[in-house]
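Read the structure below first, then the notes.
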Amino acid sequence: MLRCLAAAAALAGFALPAAAFELSFAWGATPACDGGRPAVVASPEFRLANVPPGTRVIVFQMIDLNAPNFRHGGGTVPYAGNGLIAAGAFRYLGPCPPAGPHRYMWTATARDRGTTFGRTLGEASATRSFPN
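Each residue of the sequence shown is one higher than the one before, counting from 1359 in the working numbering.
Pasting the structure below:
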């Protein structure tokens, strides 16, 4: 039993860390909203670079850095390998700060399978203000 635990601990030390890749986006056609009541809207276009080999899906999540407990949601989309996720690939609660601009961060997680149980291959994030 002790040997099994030691072997498991040794193997855990050899796990490869998730690679970083690059993410960028522009709000594009995101509807104007400033009343604090977000609507479900189409996702913006995302550009990706240096996505890890073996990536099958990208999982997107957006948070408002000025109100971090409010989750806007996101989506999971197949990754075709071309560095582009088209606008409207998924729907989420759009940015809608109650007063003045807020900073929003998109996080993208590259996975090797189309489920939340897929192995994380890399992560990226990008932040922009809205309205800008």
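Virtual Cβ for every residue (Gly too), placed ideally from N, Cα, C.
Alpha carbons only, please: which of the options is nearest the one belonging to residue i?
i	options	result
Glu1380	Leu1442, Phe1428, Cys1391, Arg1477	Leu1442
Arg1486	Arg1395, Gly1386, Ala1376, Ala1378	Gly1386
Thr1465	Pro1389, Arg1414, Gly1394, Asp1422	Asp1422
Asn1490	Ala1397, Pro1453, Ala1447, Arg1477	Pro1453
Asn1408	His1460, Asp1470, Ala1378, Pro1426	Ala1378
Arg1461	Cys1391, Ser1382, Arg1405, Ala1425	Ala1425
Ala1384	Arg1405, His1430, Asp1392	Arg1405
Gly1431	Ala1444, Ala1445, Met1463, Pro1410	Met1463
Thr1467	Pro1410, Phe1428, Ala1444, Arg1429	Pro1410
Arg1469	Ala1444, Ser1382, Arg1414	Arg1414
According to DSSP, what are the bridge partners of residue i?
i	result
Phe1383	Phe1404
Tyr1462	Asp1422, Arg1486
Thr1388	Paired residues: none, contrary to the question.
Pro1436	Val1415
Ala1377	Gly1480
Ala1468	Ile1416, Gly1480
Using 8 Å for Cβ pairs, my map puts residue i next to residue j. What's the rounded Cβ distance?
i	j	result
Pro1435	Ile1416	Reading off the sequence, residue 1435 comes out as Val, not Pro. Contact flag correct, Cβ pair sits at about 6 Å.
Val1418	Pro1455	The sequence shown places Phe at residue 1418, not Val. Actually they do not touch by this definition, with Cβ atoms about 20 Å apart.
Gly1433	Tyr1450	6 Å
Would you tell me roughly how many angstroms separate the C-alpha atoms of residue i and residue j, rounded to the nearest one?
i	j	result
Glu1403	Met1420	14 Å
Gly1412	Arg1395	38 Å
Gly1439	Gly1480	14 Å
Ala1376	Gly1472	17 Å
Ala1447	Ser1483	18 Å
Ala1370	Thr1478	The predicted position of Ala1370 is uncertain, since its pLDDT is 44 and thus under 50; a value taken from the coordinates is nonetheless stated next. Whole-angstrom Cα-Cα distance: 15 Å.
Phe1372	Tyr1437	Reliability of the predicted coordinates at Phe1372 is poor, the pLDDT of 43 falling under 50, and no value is obtained from them.
Ala1365	Gly1458	Annotation note: pLDDT 42 at Ala1365 (below 50); position unreliable, coordinate value reported separately. Taking the straight line from one Cα to the other gives about 55 Å.
Thr1388	Phe1428	19 Å
Cys1495	Ala1397	Past the boundaries of the shown model lies residue 1495; the chain is included only from 1359 to 1490, so the question cannot be answered.
Ala1444	Ser1401	8 Å
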